[in-house]
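Numbering of the sequence shown is given in the UniProt record's numbering, commencing with residue 1 and proceeding in unit increments. All C-beta atoms, glycine included, are put in the ideal place defined by N, C-alpha and C. All of these numbers come straight from a predicted model, not from anything done at the bench. Structure first, then comments.
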Amino acid sequence: PDIPPEGFTVEVQGDLQAPYRHGSERILTCTQGYSVEDESNMPAKDTLLCSNGMWTERQLSCRADCPAPERVPPAFKTMPMSQDELAAKPKHKHGDEIRVVCIQDGEEQVLKCQDGK
């Protein structure tokens with residue numbers, strides 16, 4: 001099957017290489033440093049099945065995690081986690097949001113992890 005080279009771990013069940021027999025399976029999970037794109041609507045793993053010469057469609061989508069953001073100046077605070085909590089959590093999942101709020105005027109900016117950035 002056409003498996004993306006990054007972000008996936010593949011467990012082989014059945015034939016190791018083409019031609020694949022009917023019933024061969026490939027179990028996909030997100031590799032370390034990647035997370036399921038939408039955990040509420042996607043399984044943590046996906047099984048591709050060779051059926052009558054065709055692979056079933058992949059449902060799982062993995063996105064790169066983001067590093068902790070840089071510390072902000074003392075005139076700002078981060079929410080929902082403090083800067084110390086952010087620093088203690090080295091990776092953030094795709095879709096995680098952090099709000100940076102100016103203490104003086106309350107103006108805020110949202111930082112969102114988007115596929116490793």
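| Check | Outcome |
| --- | --- |
| Going by DSSP, what residues sit across from cysteine 113 in a beta bridge? | Bridge partners of cysteine 113: none, in fact. |
| If you pair each beta-carbon of the segment 103-116 with each one of the segment 71-78, do three or more pairs fall below 8 Å? | yes |
| Using CA coordinates, which residue listed in Gln32, Thr9 and Ile98 is at the minimum distance from aspartate 46? | Thr9 |
| Taking 9 Å as the cut-off, decide whether the C-beta atoms of leucine 60 and threonine 29 are in contact. | yes |
| Let me know if aspartate 105 comes out buried or exposed under the rule of 16 or more other beta-carbons within 10 Å of its beta-carbon. | exposed |
| Quick one: residues in its chain with C-beta nearer than 8 Å to the C-beta of arginine 99, no 5 flanking neighbours on either side, listed in chain order? | Thr78, Met79, Pro80, Glu108, Gln109, Val110 and Leu111 |
| Considering only the beta carbon of each residue, do aspartate 38 and cysteine 66 sit closer than 9 Å? | no |
| Mind checking who glutamate 70 pairs with in its DSSP beta bridge? | DSSP, once it has assigned bridges, lists no residue as partnering glutamate 70. |
| In this structure, how does DSSP classify glutamate 97 when only helix, strand and coil are distinguished? | strand |
| Does the distance from the C-beta atom of alanine 68 to that of histidine 94 stay below 9 Å? | no |
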